[in-house]
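Peer 1: If you count by my numbering, then the sequence shown holds residues 1336 to 1686, one letter each, in order. The C-beta atom is built at its ideal place from N, Cα and C for all residues, glycine as well.
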Amino acid sequence: MTVFTPPGLVVESAKYPTLLAGVLASTAAHEHLAVYDHCDSWGGLDREAIAAMRRNLYRFVLPVNARDLEPESIIRVLQTVALSVTPMALRVEVSALPPRTLEPSFGLLPAGPLIHTRSFELLSEPEISRVASRLSERDIPASEAVWQLFEYDYSLDQVARMFAVGLLGRLSSRRLVPLRGAYRAVIDAFTTRAISELNEAPTTDSFSIQTGSALGERLVMFSWPGGPKVDYLRMEFSSQGRSTAQSMDSTSSPNSDPKTTLCAAYARFGAYRALLREKVRRHVVIFHSANAAENSMLSPWITRAAVADATNSEPMVMDSAGEALEALKGLLTPPLECWTSQMDLQSRLRG
């Protein structure tokens, strides 16, 4: 059977050193297939359009040895897909396809059903990224390779795919890792380096507010002199009412949970990228109003998209903390006190 990948990869946990690895692929060469796994291009799409795209992407996988990078021919195909910047055709050997359904995957975007294949074969010539290919051949720490790829403006998804299939890091220690873990490792490597770089940057002398949204969820970014730090406060609304959780930068967050920790990582990634573009040091608090009932499967992407929308918006700039807090209170629903019941915002402003 011939299938078409955006390109997109699947690397999921099994019993180590075995992982289930393969491609996200559609059975049809859709006109806009390239954006099906390129979520930075989803601005303006509604929930139904995104779900329809993702439902068309089956997860074709087979078992691989993550430690020994075997079977070599399959690993080579997966690495080629990771380096490609255009859709590709592949032949997969499967018995039958199940109905298209959208299946959630915590920490990743939802996709179609998991299908075990017996082989992969490339049918089209990939368009390989030269910069990524050169970096994949270098014997340097993964964190350095990640940083250089972002300096060349590669997307988080491209870098995570390369990390997942063993294309980054010291040559002697490369392994396949689950894609979910690859995202987190890439984000952690980036934010650690970003904080180091921003420690040498001048501190802002003003207070600012930016707002963003995605699929009906609203996000407010409040910044002041200090940092570099990015705190994340999440309020989820559902039929059971509302719940609040937080992830504080550089401090423990007892009032947190796996989803908040996950979304905070993506929020910090976007916020630190924006601070690096500005070359300025700030302390940022992100207030995120989330719709748990309708958007739970897309929560990592929604956080990324809303932060990107906010960082690209025109900031409201103020000179004093008092003025800034009053402006912030006028933008938040419910009131500020409901968000900060577990956090002393005044002390964060002072420190």
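Going by Cα to Cα distance, which pick from Phe-1498, Gly-1504, Val-1416 and Val-1429 is closest to Ser-1464?
Peer 2: Val-1416
Peer 1: With a Cβ-Cβ cutoff of 8 Å, do Ile-1637 and Tyr-1567 count as a contact?
Peer 2: no
Peer 1: Grab me the residues of Lys-1614's own chain with a C-beta within less than 6 Å of its C-beta, minus the 5 sequence neighbours each way, in chain order.
Peer 2: Ala-1536
Peer 1: Compare the beta carbon distance of Pro-1341 and Ala-1369 with 8 Å and say whether it is the shorter of the two.
Peer 2: yes
Peer 1: Expressed to the nearest angstrom, what Euclidean distance is found between the alpha-carbon atoms of Leu-1491 and Glu-1658?
Peer 2: 36 Å
Peer 1: Would you mind listing the beta strand (DSSP E) stretches within the stretch 1635-1686 that are 3+ residues and don't spill past its ends, in chain order?
Peer 2: If we require 3 residues or more, the beta strand (DSSP E) runs fully inside the stretch 1635-1686 come out as 1651-1653.
Peer 1: Out of His-1623, Val-1521 and Leu-1444, which has the shortest C-alpha to C-alpha gap to Leu-1285?
Peer 2: Residue 1285 is absent from the structure shown; the chain starts at 1336 and stops at 1686.
Peer 1: Report buried or exposed for Pro-1433, applying the criterion of at least 16 other Cβ atoms within 10 angstroms of its Cβ.
Peer 2: exposed
Peer 1: Are Thr-1539 and Arg-1617 close, meaning C-beta to C-beta below 8 Å?
Peer 2: A contact, by the Cβ cut-off of 8 Å.
Peer 1: Within the chosen definition, does the stretch 1484-1501 reach the stretch 1517-1531 through at least 3 CB pairs nearer than 8 Å?
Peer 2: Yes, the stretch 1484-1501 is in contact with the stretch 1517-1531.
Peer 1: List the DSSP bridge partners of Gln-1581.
Peer 2: Leu-1568
Peer 1: Taking only the alpha-carbon atoms, compute the straight-line gap between Arg-1715 and Thr-1646 and give it to the nearest angstrom.
Peer 2: A query on residue 1715 cannot be resolved here, the shown segment of the chain reaching from 1336 to 1686 and no further.
Peer 1: Which of helix, strand or coil does DSSP assign to Pro-1439?
Peer 2: strand
Peer 1: Flag this pair as yes or no: are the beta carbons of Leu-1344 and Arg-1496 separated by less than 8 Å?
Peer 2: In contact: Leu-1344 and Arg-1496 (Cβ atoms closer than 8 Å).
Peer 1: Sort Pro-1448, Met-1423 and Ser-1408 by Cα distance to Ser-1454 and report the nearest one.
Peer 2: Ser-1408
Peer 1: Anyone know if the C-beta pair for Ala-1480 and Gly-1447 falls short of 8 Å?
Peer 2: No.
Peer 1: If you draw a straight line from the C-alpha of Glu-1456 to the C-alpha of Ala-1625, how long is it?
Peer 2: When rounded, the separation of the alpha-carbon atoms in Glu-1456 and Ala-1625 is 42 Å.
Peer 1: Identify the residues that DSSP records as bridge partners of Ile-1450: which are they?
Peer 2: Phe-1395
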